[in-house]
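Report on the structure given below.
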Amino acid sequence: MRRLAGVSLCALMVTVCSLSVPVSDRARVRAAPVAEPDDGCGPDSGARTSHPGPHPRDHAHLGHEEVVAMLADLRRTLADRYGTSDERRLDSTLRRAGRLVVPVRFHVIHNGRRGWLSNKDVRRQISTLNAAYGGAKGGVDTHVRFRLASHGHTDSAAWFYSPRLYENSMKRRLRKGGRNTLNVYTAAVGTDVLGFSTFPQWYRRKPHMDGVVIDYRSLPGGSFRHYDRGYTAVHEIGHWLGLFHTFENGCRTPGDGIADTPYEARPAEGCPYSRDTCRQRGRDPIHNFMDYAHDSCMREFTAGQGRRIRAAWAAYRAPRRGARSVDLGTGPAAGALSVGAPR
Ligand SMILES: [Zn+2]
């Protein structure tokens, strides 16, 4: 009730705020072949939209060259660290190491009562993440789990209404943990873009920007129609774990760089059953968490996405304790260790 009451005013104010962002994400991504978080206002590499219409929602799109470069960086990093970039070979070792437990630092940005989330709200979101990544909604078990390490509130109208504009200062002030800690921020991101995320490839250059920002109305039971099951966080965290959109690069090679997510020409809108937009084999993966469908339509990750997540973790987020040893920092013990680690 509390959150429902503030929606229309919030949406209006967010629209006004978003107009003040000087450079559109799309323009900046086009201008910079390698888009990385900007000091003033981070890119929406992983942005998810709430109103997919006839016009592009490609705040979310990386350029073709960027995707190719990021995939090459992953292969190179894996080869350097483990002697192979073959994700199937690596995975037999990675899965033996057990579940990968990600400690989560949850930062609720609010403006007075608006945007304020209870501990119960936050825990429901964590449960949703665990269900989605565990395969409980459909699809595979990615062997990734999430554990709430801390939950704090920050009362700031500026950060709440303009999280992209103040992304840098907000994260510099609040971010906790190392490369294996997920920092989630909730704010009034907007009604067109529901969230945005960094990729693991970006951690080396901008560690303080690492994390995921989602709209507080997208949490389970939130007030965003069609986007109220908490899957915006599932989607954005997919980017944080190294996944691209299933529609990345459209029908053009390499797509999202994962073999078992069929190519699709454009994001799904609503829930377009049986859609098949590319000549390559397979119908569009409209039920995949890394597409743009309504929450009611989303339900799965694929085995290839699970392998990619584990490979990206091994490459970029696992603790480093000696060259070429497979020390993945997985399992509950590693998760607990990381919680107490200094910044
Ligand atoms: Zn996205």
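Going by the numbering used here, 117 is the number at position 116 of the sequence shown; the sequence numbering is gapless. From the three backbone atoms N, C-alpha and C, an ideal C-beta is built for every residue, glycine too.
Boundaries of the alpha helix (DSSP H) harbouring D81: 65-83, taken from the DSSP string.
Contact between F161 and A188 holds, since their C-beta atoms are separated by about 5 Å, short of 8 Å. Secondary structure note for V235: its alpha helix (DSSP H) is the uninterrupted segment 232-241. Burial state of S219 is buried, judged by a 10 Å Cβ sphere holding 16 or more other Cβ atoms.
Residue state for I310 is assigned as helix, using DSSP reduced to three classes. Shown here, E301 sits in a strand according to DSSP, grouped into three states.
By the Cβ criterion, the segment 155-175 is in contact with the segment 193-211, since at least three pairs of Cβ atoms, one from each stretch, lie closer than 8 Å. Counting C-beta pairs closer than 8 Å gives three or more between the segment 230-246 and the segment 304-317, which meets the contact rule. By the CB criterion at 8 Å, N184 and G178 fall inside the cutoff. At the C-beta level, E265 and T254 stay beyond 8 Å of one another. The beta carbon of P164 is closer than 8 Å to those of I110, M171, Y186, A188, A189, V190, V214 in its chain, skipping five residues each way along the sequence. In the structure shown, the three-state DSSP call for T129 is helix. One thing to note: S198 has its Cβ within 8 Å of the Cβ of E237.
Fully contained in the segment 160-234 are the following alpha helix (DSSP H) runs of length 4 or more, in chain order: 168-175.
Rounded to the nearest whole angstrom, the C-alpha separation of P221 and Y228 is 9 Å. Using a C-beta cut-off of 8 Å, the segment 292-306 makes contact with the segment 135-150, since at least three inter-stretch Cβ pairs fall below that distance. Secondary structure at V105: strand, using DSSP grouped into helix, strand and coil. In the DSSP annotation of this structure, the continuous segment of the beta strand (DSSP E) that includes T155 starts and ends at 145-156.
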